Every structure is written in structure tokens, then in C-alpha cells.
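If you want this note's numbering, it's the 1-based position in the sequence shown plus 1288. We put the CB at the ideal spot given by N, CA and C, even for glycine. Everything numeric in this text was worked out from a predicted model, so none of it was measured. Down below is the structure, laid out as C-alpha cells.
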Amino acid sequence: MHAVVTHATVPVGRIKSFGAFGPKYEVGRPLWELDDGDWMVEISMVETGETTEYRLSRVNDDPEAR
1289 MHAVVTHATV PVGRIKSFGA FGPKYEVGRP LWELDDGDWM VEISMVETGE
1339 TTEYRLSRVN DDPEAR
């Protein structure tokens, strides 16, 4: 059985950064559940608009952008 990810658990629309001084990205929608129970979510780089996938656990560990 797969866990249900809701918008409450994925901070959709939040602006985060890779580490304290890294590039900023906007958190997008959940994409799929991984075998280890983590989720891949879509992120968009603020400066370039490029989109990619990123683990939800890493999103949750990254700080809010300044």
C-alpha cells in the first residue's frame, strides 16, 4: 500500500535553498513514491526556471531561502 502525500506534507510553492547560501528553488508537486518511502517532488530553479526532481526528505532538510 502506498502512502498518500498531500499538499500539507509537500511545501508546494515554498522557496528553499540548497544549504545556507546555495541557489534558490521553488517546491512543486509530488511526482512519485520511492521504494524507501521517500517521494520525488518537482522543483524549479528560481533564477533559471529549469525544473528537475528532488527528494522530499532533502527538500525538508533545506532551509527557507533568504
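Look at Arg1343 here: in three-state DSSP terms it is strand.
Its chain contains Ile1303, Lys1304, Ser1305, Lys1312 as the residues whose beta carbon lies nearer than 7 angstroms to that of Ala1353, once the 5 sequence neighbours on both sides are disregarded; these appear in chain order. Trp1320 has its alpha-carbon roughly 20 angstroms from the corresponding atom of Met1333. In the DSSP assignment, Glu1335 forms no beta bridge with any residue. For the 9 angstroms CB-CB criterion, Gly1310 and Val1300 do not form a contact.
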